[in-house]
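What follows is a single structure, written as C-alpha cells, with notes after it.
Protein chains: 2
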Amino acid sequence: MDDLARRLAVARGDEPADVVVRGGRVLSVFTREWLDVDIAVADGWIAGLGDYEGREVVDASGRYVVPGFIDAHMHLESTKLLPDEFARLVLPLGTTAVVLDPHELANVLGTDGVHWLLDACDTLPLDFYFMASSTIPASAFESPRRPLLSGDLESLLRRRRVLGLAEMMNFPGVINADPSELDKLRLAEGVHVDGHAPGVLGRSLNAYVASGIRSDHEALTIDEGRERLRAGMWLLIREASMARNLQALLPLVAEFGTNRIAFCTDDRDPEDIAENGHINGMVREAVAAGVAPEDAVVLATINPATWHRLWHLGAIAPGYQADLLLFDDLERFEPALTLKLGRPVEEIPEPDVPEWVKHSVRNRPVSASDFAIDWKGGKARVIGLVPDQVVTELREEEPGDAATIAVVERHLGTGRIGLGFVAGSGLQRGALASTVAHDAHNIIVIGRNAEDMSRAVTRLGELGGGIVVVDGGEVVAELPLPVAGLLADAPLAEVIRRSLACNDAARALGWSGATPFLTLSFLGLSVIPSLKITDRGLVDVDRFQIVPLRV
Amino acid sequence: MDDLARRLAVARGDEPADVVVRGGRVLSVFTREWLDVDIAVADGWIAGLGDYEGREVVDASGRYVVPGFIDAHMHLESTKLLPDEFARLVLPLGTTAVVLDPHELANVLGTDGVHWLLDACDTLPLDFYFMASSTIPASAFESPRRPLLSGDLESLLRRRRVLGLAEMMNFPGVINADPSELDKLRLAEGVHVDGHAPGVLGRSLNAYVASGIRSDHEALTIDEGRERLRAGMWLLIREASMARNLQALLPLVAEFGTNRIAFCTDDRDPEDIAENGHINGMVREAVAAGVAPEDAVVLATINPATWHRLWHLGAIAPGYQADLLLFDDLERFEPALTLKLGRPVEEIPEPDVPEWVKHSVRNRPVSASDFAIDWKGGKARVIGLVPDQVVTELREEEPGDAATIAVVERHLGTGRIGLGFVAGSGLQRGALASTVAHDAHNIIVIGRNAEDMSRAVTRLGELGGGIVVVDGGEVVAELPLPVAGLLADAPLAEVIRRSLACNDAARALGWSGATPFLTLSFLGLSVIPSLKITDRGLVDVDRFQIVPLRV
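Chains as they are written, first to last, in numbering that gives the first Met the number 0: chain A, 0 to 550; chain B, 0 to 550.
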C-alpha cells in the first residue's frame, strides 16, 4: 500500500494511525472553533479528525492544540545561527516553518551560498522555505560580492522550496519602472513577490502594487497598514528586534478582521528570541493586547501559509502536515509540546558546512590613516541615530562630538572605504566593527580612535568575519562569525554569551543607544531613510544618491 | 514604453489613464469599505485608486462599483449555449469570469472537444477558465465515447487556462483509494482539485479531503456545510436550476463569516438565467436573506478567485484586471454597466464551430420493440422522482402506473440499451427524448408508448442531437442541439423559445414534475443517489452496482 492509500485507510479507520493526539481542544483555523476531536496522523500527515485509534497516543487532555507557527518573512542571518541551531531554538517555541529571504548570505556568496543553505536546510525538521533574494545589490551604492541578475533569480526559482521573489527593496526603481526591476517582476509571473515599501503611500503605492507586488512588512502606522490592505496587499506585521510594529498595527485586526494579515519577525537577534520568543511571542503579545486567541493563531498559521501558497501548512485538517502545538493556556503560548510531522523532535542533525562558505573576508589591509578624518570645521552630513529604529536622521551640523564611521569593502579587496560621522551613539572611546552590515556586508566600523578602528578591521580579517570590540589597541570582546562573516559555527548559548559580551564591552566604551551591533549593522543599508553609509560613501536615501560628507 | 511600464506611469499620474471610473463608491473586498475614489485603468488593468485623469471618463456618480462576478464552478453545456452566446447572456448580468468543467463535452468528444472549446473561448470578452474533467466515465456504468485517462488529464493541464482537476465525482473510488483515482490526484500535485462529495460525512469525508481535494459544491444542509468547512474544504454554495442550496447554506455565512465560501451555479438552464439572473441572482438572494451586501459580493468575487488561484481577478485594486460592475442599488444587483478590461463590451465575436464537433450522434437504428417491457407483474426497481432534486428514490414496487425509460448508446453504435421504470413524472402519453443525459450523454428517452419512444430516438439521430417531444408518432416540439448533441447553434432567444416549447409540449403530455428535460437529463447520472439508468442498465448508486429491473 503506498503512502496516500495508507493515509486514506487511516482516515477511514481501516488502519490504525501512527499517532493519535487525543483529548485536546483542537482549533479549526477555518471556523475558529475549538473542536473536541482526536487527530489521526499517518506518515506525518493529518488523516482525519474524529475518533481514532493509533499505534502511539499523545495525551492532549486539558490542552489546546493549534497548528505550528509560520514566520512569513525572516532573514536567518540576523539570528547568527546555522539553520540546525536555529531549529533547536525555535521549534520548542512553536515555529515549525519559516519563509527565509537569504539575502545577507546572497550578498556575500551569491547564488552559490543560497544553494548551499537550501541543501543545508533540507534534512532539518523545521520547514525552511525561501524567497529568491531580488535586490542584490540593495542599491547601486552598495558593493556585494556580485549582483544577482535575472538569470540568477531564474535559477533560484527552479528549486522546489523557493516560493517566489523576496522583498523588492528597490521601491523607487519599481515605482519608476526601472527596466531591470521590471525584468525581475516579469520573471516572477505566476510566482509571487514580497514587497518592501517603507513610507510609500498614494500614487507611488499604487504603482508599486500595480507592478504585481502584493505584500509589505514595512508599515509602521495604522494609516500605512490600512492603505496597504485597501491596495490589495498582504500586511505582514513585523516584530523585529530593531523594528517593533506589532502594537501599532494590531488595531487593524479589530477594524478589518484577520483577512490578509500575517505575522513575521524579519530580523531577530538570538538574544531577543531566547528572551521574548519567536512567532509565539507575537501571538502572546497580540492576545495580551486584546486580540482573540483564535484570531492571533490565524495570523501565525493559515494566513502566512495562504500568502505563501503553502497549501499543506497552517491548519489542523485532513491533508495538512501534522505540525501541531500543545498549549496549557492561551496566554503564555509556550508550547508544552511541539509535534513536527506528528512527533516530538528529538535529534536535529548538523548540516555540512564546507570550507568555501567560510573565509569570505577579503579586504585590502588597512591602517589607522584610513580612518582619520581631518575635519577643519564646517557643517557635515551626520548620521543621526534614532533609538530602536532602523531609520536614521540626516543631520547637517558641525560634527563636533560625533564618532567616526567607515565601511571597508571586503569581498574583492578593492580597498574602497567610505567615511562619515555618527551622532547619538554615546561611544566615548575604542572601536566596534562587524562583518554584518546590511546588505552588502562589507566591514562596518565605528570608533573614536583611528588606531582602534584599524585594529578592529584587521581582527575581523583574522577571524574570517564576526564582531569585535577594541579598546586601546586590544580586542576586548569578539564573536566569530566564520560562515560568510554572518553566521556563527557555534551553539546558541555560546553565540548569546559572546554576543552579550560584545554588547557589554560596547556599553563599557560608552555606547548608550539601542543594541549596538544591530544598530551598527543597519547603518550601511542604503534603502532605509535617511542617511546611510557604504564603501562608496554617504547615501542620502531620500534623494537616493551619494552625497559628500561636507555640506 | 512597454505595457507594465505604462501601467506604472499611469499609477504614478505621469500618463493619463485610458479610462477613469469617477465618482462611484468603490468596494474594497479586502477591508469591506466603500471608498470614494477614482479607478484608473491602463491596458485593461487597474493602475490605481485615488484622483486620476483619463482619456475617457466613465461617470459612476451615485453608483456602487464592485468587481466582476466569478462563477466558481459551472458546466457551460447546461446552458445549451455556445460560449459567445453565453457571454452575451451573462456579461450584462455581471458575470465576467467563469470556471468551467466541460465534462459533458468531454464525454461526447473527448479531449479533442475540450481543446476546441478552449480555443473557441479564447477570443471572447468573458474569461473562461477550465478545470480538467476528472471523471469520465462518471462511473464504470456509463458509456462515453471514450474514457479520459491520466494522460488525457495531463495534456489538458498543460493548457494555460486549465487551472486544475475538475470535480472528482467518483467519491467512493477516492475514499477507497482506487488506484486510478489516486493516479489522477498524484498528477494534480501542485495544481488544485475540485470535489463532489454528496452526503459524504465523518471518516469518509476525512478520507476524501486527505486525498487532497479541497472543495465541495454538493452540500445540502448546514451540518454538511459546517463539516466541510471544519475539514478545510472550500464550500462552494450552489444554486443550480435543479439543486438550489443557497438558502439552506447561507446561515453559515452568519456563523463563520465569508472565509472559504464562494458562489457557483453548477448547472443552469438558459431560461433560468434569463429569468433569475446568474451569480448576480445569488448575490441578490443572499442580500435579501440578510447577508451584508459587502459580504455577498465577496462570496461572488475575491473568494472564487482565491479558491481558483486567479490572482488577477476578484478585486478593485492596483494590479487587478479592470472587470467592474456599476450598480444603482445594493438590492437588485442588476448592473447599470459591466466594464470588461475597463470598457463596455460591444461586439462579441462568433467562434469557429467546425463540422467535426457536430454530427456526434451515432446510435444503431431502433424500433418500437427496443422499448417494450413485457412486465408480467411483481416488484420492480422503480426510479422515483424527487421534485426539484437531482437525487432519486429507489422504489421497490409494482411498476403499475410508471413510465418506461431507456438509455440508448449513441457514440459507437453498439446498440446497447438500458430499460427501466420511472414513477412520479405524470407523463400520460407520447415520449420525450434527449441527447443531453449526464454524464455520458447517450440518448435518454421516457415514454408511454414504444412507437413514440422509437420515433423520438430516431429523430434525434436526424437532428444530430437535441431534445424532442413526440406524440402519436409525430414530433410536436424540438430543440436541435447540433454541437455534440449538447449545445445549440442558435441565439439565446431561439434556444429559450424552443426549449420552452418542448417543456410546454411535455406538460401537455401530462408531465407534472419539475423542468422535464433537466429532470430527464439527470436520470442517467450514475453518481447521484439513489437509482439511475444508463445504457448498461439500472444503477443502484448507494450500493454502486448494476441491479436488475426485477427485485
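Heads up, the beta-carbon is just placed ideally off N, CA and C, and yes, glycines get one too.
What you are looking at is a predicted structure, and each value in this text was computed from that prediction instead of being measured.
DSSP bridge partner residues for residue i (one or two, in chain order)
i, result
"R433 of chain B", "The displayed chain sequence assigns Ser, not Arg, to residue 433 of chain B. Per DSSP, B:I443, B:I466."
"G536 of chain A", "A:T533"
"R11 of chain B", "Bridge partners of R11 of chain B: none, in fact."
"E477 of chain A", "A:V467"
"Q544 of chain A", "A:D539"
"G419 of chain B", "B:I404"
"V192 of chain A", "A:L164"
"R144 of chain B", "Bridge partners of R144 of chain B: none, in fact."
"R549 of chain B", "B:A379"
"V98 of chain B", "B:Y128"
Within chain B, the residues that residue i reaches when beta carbons sit closer than 9 Å
i, result
"I174 of chain A", "L7, A10, R11"
"L3 of chain A", "A176, L181, L184, R185, A209, S210, G211"
Residue i (DSSP reduced to helix, strand or coil)
i, result
"Y128 of chain A", "strand"
"L340 of chain A", "coil"
"E345 of chain B", "coil"
"I315 of chain A", "coil"
"S214 of chain B", "strand"
"V199 of chain B", "coil"
"I260 of chain A", "strand"
"A487 of chain A", "coil"
"A137 of chain A", "coil"
"L323 of chain A", "strand"
"V113 of chain A", "helix"
"A176 of chain B", "coil"
Contacts of residue i in chain B (Cβ-Cβ under 8 Å)
i, result
"R157 of chain A", "The contacting residues do not exist; R157 of chain A stays about 14 Å from chain B at best."
"Y319 of chain A", "G231"
"R202 of chain A", "A10, R11, G12, G47, G49"
"F129 of chain A", "Those do not exist, as F129 of chain A stays about 17 Å from chain B at its closest Cβ, beyond 8 Å."
Which listed residue (the options) has its alpha carbon closest to that of residue i
i, options, result
"A401 of chain B", "B:S424, B:R415, B:R145, B:V56", "B:S424"
"P91 of chain B", "B:P343, B:Q544, B:A59", "B:P343"
"T551 of chain B", "B:V389, B:E395, B:G419", "Because residue 551 of chain B is not part of the residues shown, which for chain B are 0 to 550, the question remains open."
"A165 of chain B", "B:S132, B:E141, B:P136, B:L186", "B:S132"
"R54 of chain B", "B:M167, B:V19, B:W355", "B:V19"
"I466 of chain B", "B:L499, B:T337, B:A449", "B:L499"
"G571 of chain A", "A:V356, A:A209, A:D121, A:A335", "Nothing in the structure corresponds to residue 571 of chain A, since chain A is present only between 0 and 550."
"G460 of chain B", "B:L156, B:R542, B:D541, B:R363", "B:R363"
"R157 of chain B", "B:K339, B:H114, B:L251, B:S142", "B:H114"
"E254 of chain B", "B:D294, B:E270, B:H277", "B:D294"
"D50 of chain B", "B:D126, B:D265, B:E14", "B:E14"
"T518 of chain A", "A:V482, A:R267, A:D111, A:L186", "A:R267"
"R380 of chain A", "A:L181, A:R394, A:P101", "A:R394"
"F68 of chain B", "B:R447, B:D177, B:I301", "B:I301"
Within chain A, partners of residue i - CB distance below 8 Å
i, result
"A316 of chain B", "V208, R229, A230, G231"
"R259 of chain B", "F29"
"L34 of chain B", "R229"
"F255 of chain B", "F29, T30, R31"
Contact set between residue i and chain A, taken where Cβ atoms lie within less than 7 Å
i, result
"S27 of chain B", "R229"
Chain C contact for residue i (CB, 9 Å cutoff)
i, result
"R21 of chain A", "No chain C appears in this structure, whose protein chains are A and B."
Cross-chain neighbours of residue i in chain B, by beta carbon under 7 Å
i, result
"N205 of chain A", "A10, A46, G47, L48, G49, P317"
Q: At 3 residues or longer, and completely inside the region 18-62 of chain A: list those beta strand (DSSP E) runs for me, N to C.
A: Runs of the beta strand (DSSP E) spanning 3 or more residues and lying entirely within the region 18-62 of chain A occur at 24-26, 33-35, 37-41, 44-49, 53-58, in chain order.
Q: Write down every uninterrupted run of the alpha helix (DSSP H) in the region 222-249 of chain B whose length is 4 residues or greater and which is fully enclosed by it, in chain order.
A: 245-248
Q) Which runs of the beta strand (DSSP E), 3 residues or longer, sit entirely within the region 359-406 of chain B? A) List check, beta strand (DSSP E) in window: 379-384, 391-396.
Q.
Could you tell me which whole beta strand (DSSP E) segments of length 3 or greater appear in the region 61-94 of chain A?
A. With a minimum length of 3 residues, the unbroken runs of beta strand (DSSP E) contained wholly in the region 61-94 of chain A fall at 63-66, 68-73.
Q: Enumerate, from N- to C-terminal direction, the unbroken beta strand (DSSP E) stretches of 3 or more residues contained entirely within the region 254-301 of chain A.
A: 260-263
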